[in-house]
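Every position in the sequence shown, counted from 1, becomes a number in this note's numbering once 106 is added.
I have placed the structure first, in the form of structure tokens, so that the comments after it can refer back to it.
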Amino acid sequence: MKQDIFTASSPDEAYLKAKEKYGFSFKVISARQIPLEGSEDTICEILVSVSESLYNEKNQAQQTPQEQGEDQIVKRVSELFIKRGVSKDWLEKMLGSINEESIRQDQEKLTSYLLNGIYDAINEVNESLEEKKIMMFVGPTGVGKTTNIAKLASRYSRDFDKKVVLLNLDRYKAGAREQLAIHAQNFNLEHIVVDTIDDFAKQLSQVSDYDLLLVDTAGISPFDIERMISNIEYILASHTYKISTTLALSALSKEEDLEDMYQNFSFLDLDNLLFTKFDETRHIGNVINFLLKHNQTPLSYISIGQNIPEDILSESKKYILDKFVGTLN
């Protein structure tokens, strides 16, 4: 049921207004007299209840052409964004934040407003390599962690002139160690296989002159990684290295799967996110929704192909928006 209010100088006149609009298909809920400020006169107000269908029919008919046009524009743009995977809840929140009616009345302005909202809401971390770091890469198997670690190692050593070493902690995935070793050989990078925390402590003392240690944890469970990070942090108490943890996720994953993966790894105090396989899909509404929901964990990089090191991007919000706008068109 819906409610409507009618006012007049007397109860009878207010009732007649309701009858004129809804016939006999309404019920009076309440009536009251309201004093007029600065006068002894009053007005009468009645509150009536009608069916939702009748309310919509009568009030839609009373809309001005401008209002009807505005509603059509909002509906058209909203449907376009929802069709491309953007959350209806987020859209409703953004539409409710619009203060200028001119935006709602212009399809191009409204589209730009929503796109700017997405851009501003996605949290992106600046690429910072000033201090010595151990960079741990975690995430589910099959998302391309090893390949993208190789991309970053090559990028850091070639473009930033950093001394980089690759550490492999993968004890399960077949061929993962060999894959990283091949990448290291191709780009003249140091590669170390570590089986235990004791090994890690021993190797760390031998590579203390390196700027960046990139650690591949492919195939290790989140709980094993948690224990490992805890031990590494203890070891680092006597070193100058900082530790950061990056969660790698695939742009091909459904939004529900992205959420599950994030929850599985979120207790690791994640520092940032890396999204892979952007080149393998046109539809990225799932990624946008995820980044909007979890903007407390900033985006660091996205992977857009297999070329090493070219196909990995920092400052990637513009790329994401351009790709999304391409699907809107």
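Note that the Cβ used here is the ideal one computed from N, Cα and C, for glycine as well.
Which whole-angstrom value is the C-beta distance of residue i and residue j, which I expect to be below 8 Å?
i	j	result
Asn378	Pro404	5 Å
Val300	Val271	With a Cβ gap of about 11 Å, Val300 and Val271 do not count as contacting.
Ser376	Leu353	The residue asked about is misnamed: residue 376 is Leu in this sequence, not Ser. Sure, about 5 Å apart at Cβ, within 8 Å.
Ile418	Leu258	6 Å
Leu320	Leu273	7 Å
Val244	Thr351	6 Å
Ser155	Ile140	Ser155 to Ile140, Cβ: 20 Å. No contact.
Determine the closest residue to residue i out of the options, with distance taken between C-alpha atoms.
i	options	result
Ala114	Gln412, Ala137, Tyr128, Lys423	Ala137
Ile240	Ile335, Met107, Ala120	Ile335
Asp267	Leu380, Ile349, Leu318	Leu318
Glu119	Asn222, Ile149, Gln178	Ile149
Leu295	Ser155, Ser409, Met367, Tyr262	Tyr262
Ser311	Ile204, Ile298, Lys199	Ile298
Glu386	Ser184, Gln412, Asn232, Lys257	Gln412
Glu416	Arg264, Val321, Phe430	Arg264
Tyr407	Asp366, Lys251, Asp322, Asp330	Lys251
Glu206	Leu216, Glu198, Leu197	Leu216
Lys133	Gln109, Phe430, Asp330	Gln109
Pro246	Tyr368, Gly202, Phe384, Tyr219	Tyr368
Leu160	Ile188, Arg210, Tyr128	Tyr128
Asp305	Leu275, Ser116, Gly248, Asp322	Leu275
Lys164	Tyr219, Ser208, Asp147, Glu126	Glu126
Ala256	Pro141, Ile414, Leu427, Asp428	Ile414
Lys269	Met242, Leu235, Val244	Leu235
Asn232	Tyr425, Ser420, Gly432, Ser116	Ser420
Phe384	Asn254, Pro117, Gln139, Ser155	Asn254
Asp315	Ile209, Leu427, Lys238	Lys238
Thr323	Ile135, Pro141, Ala124, Met242	Met242
Which same chain residues end up closer than 7 Å to residue i when comparing Cβ atoms and leaving out the 5 residues on each side of it in sequence?
i	result
Leu364	Leu355, Asn392, Phe396
Tyr121	Ile152
Val192	Gly391, Ile394, Asn395
Lys423	Tyr225, Ile228, Glu230
Glu361	Asn392, Asn395, Phe396
Ile111	Glu151, Leu153
Phe57	The requested residue 57 does not occur in the structure, where the chain is confined to residues 107 to 435.
Leu427	Leu221, Ile224, Tyr225
For residue i, list the residues DSSP reports as bridge partners.
i	result
Met241	Leu320, Ser350
Leu355	Phe381
Asp110	Val154
Val299	Asn274
Arg138	Glu151
Ser409	Ile418
Glu233	In DSSP, Glu233 forms no bridge with anything.
Lys133	Ser155
Given residue i, which residues of its chain have a CB within under 8 Å of its CB, disregarding the five upstream and five downstream residues?
i	result
Asn401	Ala227, Ile228, Asn229
Asn222	none
Gln213	Ile179, Arg182, Val183
Phe430	Arg190, Leu221, Ile224, Ile390, Gly391, Ile394
Ser157	Met107, Lys108, Ser131
Ile209	Lys215, Leu216, Tyr219
By Cβ distance, which residues of its chain are closer than 6 Å to residue i, with the 5 residues on each side in sequence left out?
i	result
Ala280	Caution applies to Ala280, whose pLDDT of 47 falls short of 50 and renders its modelled position unreliable; the model cannot decide the point.
Lys399	none
Is the beta carbon of residue i within less than 8 Å of some heavy atom of the ligand ADP?
i	result
Phe396	The model on display carries no ligand, and the ligand ADP is accordingly not part of it.
Original post:
Where are the alpha helix (DSSP H) runs, 4 residues long or more, that stay fully inside the stretch 178-228, in chain order?
Top reply: 194-202, 207-210, 213-227
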